[in-house]
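Novice: Residue 202 in this note's numbering sits at position 202 of the sequence shown; the count goes up by one each step and never skips.
Starting off with a structure, shown below.
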Amino acid sequence: MAKKGRVFSGARPTGRQHLGNYLGAIQNYVALQDDYDCVYCIVDVHALTTVETTQDLKQNTAEMVLDWLAAGIRPAETIVFVQSHVPQVMELHTYLSMVTPLGKLTDLPTFKDKVRQQPENVNYGLLGYPVLMAADIVLYKADVVPVGIDQAPHLEFTRETVRSFNYRYNTKALIEPQAKHTEIKKVLGIDGVEKMSKSLNNHIEIAATPEETTARVREMVTDPARMKRTDPGNPDICNVYTMHKIFSPQSDVEMVNVECRRAGIGCVDCKKLLAKNMNAQLEPLRTKRAEFASRPGYVQDVLDDGARRARVIAEQTMQEVRKAIQLP
Ligand code: SF4
């Protein structure tokens, strides 16, 4: 079946993925493959703007790719590659920077946030981040970019940059990408308050062992009104129940919904049931991951092949770009 166009998306190499990544982004990546030619990039250069040490970059990339592949990213059709393996992106970043007013970059809320977060390291990379992101997207002639509500300004920036470049050099070399607004599910961590995140250590890794998963679920915060086993609870405000709705069969979800409210089930048993269902749901993914991990050089082969295919598209774009600029 003919695909609807090309999708591009990039993600930082954050290592082993957690349920927040899985439910919020990876499942969406997998589904998009049915309708689009997908280009998924591990943006290691972007990561350099904030990482303190680079010694884990390679390992984090490999772990993340393993999770992606286990979750259903199909490397025979989808291009999976590392940003720095296609140096053309640096060149395009430079050309795009020439049509980017400085004030536009300093005004972006994401830049201001970063300045607040790391005042001791306000590097050019942070300022130029959206330009590099624009280069990533247009280098691969992406028609569509999946964006959550918070990334919408960056995509708009990319579209404006494309218009500026095409106008400045009187060309149609660059394609203005369309936003595909996706509802990025916000998954709360085991604290039941903050978004699931590694840095807050409130996460559950998708490739955790069943025992590790059970231990993490046991730590999940529940409805605080249930001080005693006999206190009725409210599943609507409990993250354990939210997770049941994602991982448990309908019969269990209904049972928890009823029994929690009349103290018919205790939180310990409720969590045991969730851990069992979660482990059962994730078991095929984990088996696949272990199988991929046992193949020597498999991840590297996927990334090398992805970079080769990405470079072909990138070089085509750059030839048009250089011609449009009339570089000697
Ligand atoms: Fe949450 Fe389950 Fe306890 Fe109800 S019984 S408060 S849903 S953990």
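Cβ atoms here follow ideal geometry from the backbone N, Cα and C, with glycine treated the same way.
All values reported here derive from a predicted model rather than from experimental measurement.
Any chance you could list the beta strand (DSSP E) runs of at least 3 consecutive residues sitting entirely within the region 17-77, in chain order?
Specialist: Those beta strand (DSSP E) runs which fall completely within the region 17-77 and span 3+ residues are 37-42.
Novice: Does the Cβ of ASN234 lie closer than 8 Å to at least one heavy atom of the ligand SF4?
Specialist: Result yes, Cβ under 8 Å from the ligand SF4.
Novice: Can you determine whether any heavy atom of the ligand SF4 sits closer than 8 Å to the C-beta of THR222, and answer yes or no?
Specialist: Answer for THR222: yes, Cβ within range of the ligand SF4.
Novice: For the ligand SF4, I want to know if HIS85 counts as a neighbour, meaning its beta carbon is within less than 8 Å of at least one of the ligand's heavy atoms.
Specialist: Every heavy atom of the ligand SF4 is 8 Å or more from the Cβ of HIS85, so no.
Novice: Just to confirm the assignment, what range does the alpha helix (DSSP H) spanning ILE248 have?
Specialist: It is Ser, not Ile, that sits at residue 248 in the sequence shown. That residue, SER248, is in no alpha helix (DSSP H); it is neither H nor E in DSSP.
Novice: Could you give the uninterrupted runs of the alpha helix (DSSP H) lying entirely in the region 115-143, keeping only those of 4 residues or more?
Specialist: Taking only runs of at least 4 residues, the alpha helix (DSSP H) segments lying wholly in the region 115-143 are 124-139.
Novice: Say yes only if the C-beta of VAL193 is nearer than 8 Å to one or more non-hydrogen atoms of the ligand SF4, and no if none qualify.
Specialist: VAL193: no, Cβ never under 8 Å from the ligand SF4.
Novice: Leaving out five residues before and five after LYS3 in sequence, what residues of the same chain have Cβ atoms less than 7 Å from its Cβ?
Specialist: Within the same chain, LYS3 has close Cβ partners ASP35, TYR36, ASP37.
Novice: Compute the minimum distance between the beta carbon of GLY189 and the heavy atoms of the ligand SF4, and state whether it is under 8 Å.
Specialist: No, the ligand SF4 has no heavy atom inside 8 Å of this Cβ.
Novice: DSSP three-state call for GLN326: helix, strand or coil?
Specialist: In this structure, GLN326 counts as coil in the three-state DSSP scheme.
Novice: Looking only at its chain, what residues have a beta carbon closer than 6 Å to the beta carbon of ILE265, apart from the 5 residues adjacent to it on each side?
Specialist: Excluding residues within five positions, the ones whose Cβ falls inside 6 Å are GLU259.
Novice: If you follow the alpha helix (DSSP H) that SER197 is part of, which residue opens it and which one closes it?
Specialist: Per DSSP, SER197 belongs to no alpha helix (DSSP H) and is neither H nor E.
Novice: Please list, in chain order, all residues of the same chain as ARG168 whose beta carbon is under 7 Å from its beta carbon, the five residues on each side excluded.
Specialist: The answer, listed in chain order, is VAL99.
Novice: Could you tell me the alpha carbon to alpha carbon distance between VAL51 and ALA70, rounded to whole angstroms?
Specialist: Each residue's Cα considered, the two are about 26 Å apart.
Novice: Should LEU282 and ASP252 be called a contact, given that it needs their Cβ atoms to be closer than 9 Å?
Specialist: For LEU282 and ASP252, no; Cβs fall outside 9 Å.
Novice: Look at the alpha carbon of SER248 and the alpha carbon of LEU48, and state the distance between them as a whole number of angstroms.
Specialist: So the two alpha carbons sit approximately 39 Å from each other.
Novice: How many angstroms separate the CA atom of ILE26 from the CA atom of GLU205?
Specialist: C-alpha separation (whole angstroms): 13 Å.
Novice: Contact defined as beta carbons within less than 8 Å: I believe GLN88 pairs with MET318. What is the distance between those atoms, to the nearest angstrom?
Specialist: Going by Cβ atoms, the distance from GLN88 to MET318 rounds to 5 Å, so yes, they are a contact pair.
Novice: Starting from SER97, trace the alpha helix (DSSP H) in both directions and tell me its first and last residue.
Specialist: Where SER97 is concerned, the enclosing alpha helix (DSSP H) stretches over 88-97.
Novice: Is it the case that the CB of VAL240 approaches a heavy atom of the ligand SF4 more closely than 8 Å?
Specialist: Correct: VAL240 has its Cβ closer than 8 Å to the ligand SF4.
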